[in-house]
Each structure stands twice: as C-alpha cells, then as structure tokens.
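Trainee: Sending over a structure as structure tokens; questions will come in a sec.
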Amino acid sequence: MARTYINELGLHEGKEVQLHGWLFHKRSSGKVRFLLMRDGTGVVQCVMVKGQVPDSIFDLFDTLTQESSFSVRGKVRKDDRAPGGFELDLLDIPKIYQVAEEYPITPKEHGIEFLADRRHLWLRSTRQHAIMRVRHRIIKAIRDFFDGRGFTLVDSPILTPAACEGTSTLFDTDYFDLGKAYLTQSGQLYAEASAMAMGKVYCFGPTFRAEKSKTRRHLTEFWMVEPEVAFNDLNDDMDLAEDFLEYIVQSVLKDCLPELKVLERDITKLQNVKKPLPRITYDEAVKILIDKGLPFEWGNDLGGTDETVVSEQFDRPVMVHRYPSEVKAFYMKRDPENPKVALAVDVLAPEGYGEIIGGSQREDNLDVLLARIKEHKLPQEAFEWYLDLRRFGSVPHAGFGLGVERTVGWICGLEHVRETIPFPRMIYRNTP
RNA sequence: UCCGCGAUAGCUCAAUGGUAGAGCAUGCGGCUGUUAACCGCAGGGUUGUAGGUUCGAGUCCUACUCGCGGAGCCA
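Residue numbers (my numbering): 981 to 1412.
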C-alpha cells in the first residue's frame, strides 16, 4: 500500500492508506479511542472502536505516549467535525518505531524559558510549525523574486578580515597565521564588487552582530538578503524595495493562509501591502515626531519608539529616505542637492515592527570615498580592494539589505524574533 | 554597560509575617464521538543560592546567580 501524507488525505477519500508519524495527542471515551497523529504535513485524528478492531490493536492505545513514533493503516473518511476535514478509521497499527519517554511539552501553557531550553522539541508544536512554514515561504519568495528578474546569486564570505562598516562589534576567531578573522556583519561590500561583475546580484546568508542587544528585535545571528544593482540610483533602489516587499507579502497571502490562521494573524493589515508604498524624507519624519510632541532633534537616528510613531501614520510599510549623513555608513552617497543628508533609505514595517530594510545609493567617487574613510578613521589598507571598484569603471549603484527574521516576525505578527528562526542565537543563549 | 521586573510541585500559577495549595501533566479506575475532552482516587516540595531581622520568613532586609523586558546599537 502506498505511503501517504496527512495533507494529501483528500485525494484518498474512502480508500485505505498508510501513514507514518508521531502521536500528537490522544483522547478516549471508553470504547471509542482517538489517536491524533502528526506527520509534519498536518494532524489527523485516527478513530478506533472496540470490537471493530482486534483487541490487540485497540489496547495499543495504552502503550502509546505523546510523541511516540508509529505507523497506522486506515480508511479515509470525510468528516465535518474534523479540523482538517478528514479522519482516519483505524484498521491497524503495523509498526511502533519507538514509545516516547514522558514528553515535557504538554498541550497546556509553558513559559518562554522552559520552551527555549527545549527549542528542538518546541518546533514540533502547531504554532512553531506554522512559523517555520511561513519563514520558508518568505525565503522562497525572496529567491523567486530576484531569480525572476535576472539577478545572479553571488554569496559573500562569512569570515572577513575587518569590519565592513567599522561601527559594529564583531565576533572574532583565530585564523591560522593571518591573525584574527571576523564573522561578517554584512555582505554588502562584496555584493558591490559582484554587481560590478554581474550587473544585478544578491547575496543571502547569515550575519553576525556581537552587540549586547537585548530586545525583541535582535538576534546575534540572523539572515539577511542584500541585492545590489549597477547603474541604479536611490529612486531605483526604492522602486526595487517596493516591488520586493509587495511580492513577498502577496506570496505569503497566496500560499500560507492556514498558517496565518494558526497564528491568528489579522491579514487585512497584510493585504494593504501593495504599491505604491509611502515615501517620506527624514525631514518629514522629524516633523511627524515633533508634531506628536516627542523630543527629537534633527541629526539623530530614529530610535525604536520613533520608528513606531512614524510607522503608525501609515497602513503599510513606509520608506524614510535622505537621513543625516552623520548617522549613516561611510559608503553611502551624499545628496548632491544637500550634502548634509545621505541618499539612504530605511523601510519601517507597520504595527511597530521597526526597520526591516536599510539601503542606499553608494558613493562611487574615489576621492570622496577616500575622504570618508579618513573621516571615519577606518584603515584604508583594508579597503583598497573596495576602492578598486571606484578605480576601474566606477558607476552609480545602489542596494539594500532585508532582515529575514524581522520580516518573518512582522508577517506572522509575533512578539519576538526568537520564534522566527529555528535555533535562535541571543546574548544569553546559544543552546540548543 | 545602564534601568525596571521576576525565580514556589514536571509545567502554569496561588498563598495578611503564623500548618505550602490549585489546575494541568504522571499513575490507577470510569465513560461508544472526544476536540486543551470529562468524572473519581493517588503520588509528587531543601519556596534560585548564601547570609540577616524575628518567638516564627515563601512573604521583610543585604549580596550573589540565572532569566525576562526596555535603553543604547542595529536588520
């Protein structure tokens, strides 16, 4: 008999199938017994009635504990009472792979520390399962979007000789006879080199920040996708980010409605995410903050609260562009019409989820870039290869980085990014 | 690094300074349609650690450990 998966039971209505999985939960009403099996694609209730199956099978109910692994054979029956629409009238339990020890995660509530300590088991729960499916769909949308537009995936190295932006605290490691190597905080500089080779590129990989950030928006290890396009200016960059976000959100809405329902996500907020996204300047953002009575001085970066207040003025992600150059990275090009601001853009997600995209047009003039490196007191030697990009056919170019976990957190409507990645790394947790 | 909150049964939480409790989980029993099933019985505790105040401390005080949330920094 063909092996079947729970999410395909509808194709086998009235027929006998075999499933392999784990015991999610069980209930009994005396002579009617219910085994809820999960197999990674869903959960199905297997029903057995005393007298209709051999007693040797009926009594296995007592043997099976939560998360025991086993297989069942049964007949698929449509049933309106079943959450998935189908039930299995159980005929046989051909194999018990293992009777699980007492499982620590019960259907009742648990605290976050308890669950985090058992993250490897927590992933089996319905809610975490839904989040991982949405995460996967988002990552697929990211790749489909760029692949469908002629971008080439050119990944950046993870071990790097120096800080990319010179500001963040990095993890370091011994690198043979060459001294220290650092875990990357951004693939961007390498993406720029790749864009000069391939035109349109993106890199997609893990990123590391050693700052002791302790908030619901921070991880020490997170995933970032960074497109970079030769001959794009800031407006092109914003156009790309806008198309990109719309594509991601609409893809999730198309394919992950069951998961969003499990997460009790208000999807009307997601349905708004369509072009055009509002674009405001940093100056206009500052005006919003001051009008709202917040103490804010021109020249500062937007803090977490500031971002929330600004994003609350809109029903979809908002692009804030032309930040003061002082608070932005050395490689961002200044606005020729106002050198006090950089041609940078941050995209703030709605509902207080904060910055999900940071990008800019890059400085393409060799002399200006050299001056910036001096101003920021960066070791010019380490950036010689990067400066070469301005020596040999320099062109205007722009790109951005999107934080995958913050995007997942926003789309799923989660309280904390720690649930958006299978095994989160935070300052006080690197296990399991 | 700074500020705030917390730690009691396997889990989630109660307990005016005066005998440490409930629900769930576990074990046993019951129930022919259960949906976090339900009903009955039972076992289960060095109240985070170390001191202190008190006739008496889970409760008050001090220090420490661990965790949570926020600030800064950032995606």
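No residue lacks a Cβ here, since even glycine has one placed at the ideal position from N, Cα and C.
I'd like the list of long-range same chain contacts for residue 1396, defined as Cβ closer than 7 angstroms, with 5 residues on each side in sequence excluded.
Mentor: Once the five neighbours on either side are set aside, the close Cβ partners of residue 1396 are 1196.
Trainee: Which partner residues does residue 1378 have in the DSSP bridge list?
Mentor: BP columns for residue 1378 point to 1209, 1341.
Trainee: Could you tell me the boundaries of the beta strand (DSSP E) in which residue 1262 lies?
Mentor: Note, residue 1262: premise wrong, no beta strand (DSSP E); alpha helix (DSSP H) at 1262 to 1271.
Trainee: Go through its chain and collect everything with a Cβ distance to residue 1278's Cβ below 8 angstroms, but skip five positions before and after it.
Mentor: So the list reads 1263, 1266, 1304, once near-sequence residues are dropped.
Trainee: Evaluate the contact criterion for the region 1222 to 1235 versus the region 1121 to 1130: three or more CB pairs, one atom per stretch, below 8 angstroms.
Mentor: Cβ pair count under 8 angstroms is three or more, so yes.
Trainee: Exposed or buried, what is residue 1373 when buried is set at 16 or more other beta-carbons lying within 10 Å of its beta-carbon?
Mentor: Flag for residue 1373 reads exposed.
Trainee: Just the Cα atoms here: how many angstroms apart are residue 1057 and residue 1287?
Mentor: Taking the straight line joining both Cα atoms gives about 51 angstroms.
Trainee: So the alpha helix (DSSP H) residue 1038 belongs to, where does it begin and stop?
Mentor: 1035 to 1038 is the extent of the alpha helix (DSSP H) around residue 1038.
Trainee: For the alpha helix (DSSP H) that residue 1322 lies in, which residues bound it at each end?
Mentor: No alpha helix (DSSP H) contains residue 1322, which is instead part of the beta strand (DSSP E) from 1318 to 1322.
Trainee: I need the straight-line Cα distance from residue 1435 to residue 1321, nearest angstrom please.
Mentor: The chain is shown from 981 up to 1412; residue 1435 falls before or after that span and cannot be answered.
Trainee: Distance, Cα to Cα, residue 1346 vs residue 1367?
Mentor: Computed Cα separation, rounded: 7 angstroms.
Trainee: Use the C-beta contact count for residue 1404: other C-beta atoms within 10 angstroms, 16 or more gives buried, fewer gives exposed.
Mentor: With 16 or more other Cβ atoms within 10 Å, it is buried.
Trainee: With a threshold of 8 angstroms on Cβ separation, who are the neighbours of residue 1246 within its own chain once the five nearest residues in sequence on each side are excluded?
Mentor: Cβ within range, chain order: 1393.
Trainee: Out of 1111, 1268, 1356, point me to the one whose CA is closest to residue 1384's CA.
Mentor: Taking only the C-alpha atoms, the option nearest residue 1384 is 1111.
Trainee: Tell whether a beta-carbon distance below 8 angstroms holds between residue 1044 and residue 1026.
Mentor: It is not a contact, given that the beta carbons lie outside the stated cut-off.
Trainee: Buried or exposed: which applies to residue 1365, given that a residue is buried once 16 or more other Cβ atoms fall within 10 Å of its Cβ?
Mentor: By the 10 Å Cβ count, residue 1365 comes out exposed.
Trainee: At 3 residues or longer, and completely inside the region 1181 to 1242: list those beta strand (DSSP E) runs for me, N to C.
Mentor: Fully enclosed beta strand (DSSP E) runs of 3 or longer: 1201 to 1210.
Trainee: Just tell me which of 1238, 994, 1106, 1055 has its CA closest to the CA of residue 1399.
Mentor: Of the candidates 1238, 994, 1106, 1055, the one whose C-alpha sits nearest the C-alpha of residue 1399 is 1106.
Trainee: Whose CA, out of 1317, 1254, 1387, lies closest to the CA of residue 1205?
Mentor: Selected option, being the one with the closest Cα: 1387.
Trainee: Report the three-state DSSP secondary structure of residue 1079 (helix, strand or coil).
Mentor: Three-state result, residue 1079: coil.
Trainee: Between which two residues does the beta strand (DSSP E) containing residue 996 stretch?
Mentor: Where residue 996 is concerned, the enclosing beta strand (DSSP E) stretches over 996 to 1009.
Trainee: Have a look at residue 1213 and residue 1376 and give me their C-alpha separation to the nearest angstrom.
Mentor: One C-alpha to the other measures close to 6 angstroms.
Trainee: Using the rule of at least 16 other Cβ atoms within 10 Å of the residue's Cβ for burial, across every protein chain shown, is residue 991 buried or exposed?
Mentor: Residue 991 is exposed by the Cβ-count criterion.
Trainee: For residue 1178 and residue 1220, I'd like the C-alpha separation in whole angstroms.
Mentor: Distance between the alpha carbons of residue 1178 and residue 1220: 17 angstroms.
Trainee: From the DSSP output, which residues share a beta bridge with residue 1416?
Mentor: Only positions 981 to 1412 of the chain appear in the structure, and residue 1416 is not among them; the question remains open.
Trainee: Quick check: what's the CA-CA separation for residue 1344 versus residue 1169?
Mentor: Cα-Cα distance, rounded: 12 angstroms.
Trainee: Closest to residue 1406 by C-alpha separation, out of 997, 1093, 983, would be which residue?
Mentor: Nearest option by C-alpha distance: 1093.
Trainee: Going by the CB atoms, is the gap between residue 1210 and residue 1150 shorter than 8 angstroms?
Mentor: No, the Cβ-Cβ distance between residue 1150 and residue 1210 is not below 8 angstroms.
Trainee: Can you tell me where the alpha helix (DSSP H) holding residue 1300 begins and where it ends?
Mentor: Run containing residue 1300: none in the alpha helix (DSSP H); it sits in the beta strand (DSSP E), 1298 to 1301.
Trainee: For my contact list, residue 1004 and residue 1023 are in at a C-beta cut-off of 8 angstroms; report their separation, rounded to the angstrom.
Mentor: Right, the Cβ-Cβ distance comes to about 5 angstroms (below 8 angstroms), so this counts as a contact.
Trainee: Contact between the region 1006 to 1014 and the region 982 to 996 is defined here as three or more beta-carbon pairs at a separation below 8 angstroms; is this criterion met?
Mentor: No: the two stretches stay apart, fewer than three of their Cβ pairs being nearer than 8 angstroms.
Trainee: Curious, which full-length beta strand (DSSP E) runs of at least 3 residues does the region 1083 to 1168 contain?
Mentor: With a minimum length of 3 residues, the continuous beta strand (DSSP E) runs that stay inside the region 1083 to 1168 are 1152 to 1154, 1160 to 1163.
Trainee: Can you tell me which of 1172, 1329, 1018 puts its alpha carbon nearest to the alpha carbon of residue 1222?
Mentor: The candidate whose alpha carbon is nearest that of residue 1222 is 1329.
Trainee: Taking Cβ positions, are residue 989 and residue 1066 nearer each other than 8 angstroms?
Mentor: In contact: residue 989 and residue 1066 (Cβ atoms closer than 8 angstroms).
Trainee: Please report the distance separating the alpha-carbon of residue 1369 from that of residue 1300.
Mentor: In a straight line, the C-alpha of residue 1369 is about 28 angstroms away from that of residue 1300.
Trainee: On a CA-only basis, which of 1291, 1218, 1140 is nearest residue 1165? Give me that one, please.
Mentor: Minimum Cα distance to residue 1165 is reached at 1140.
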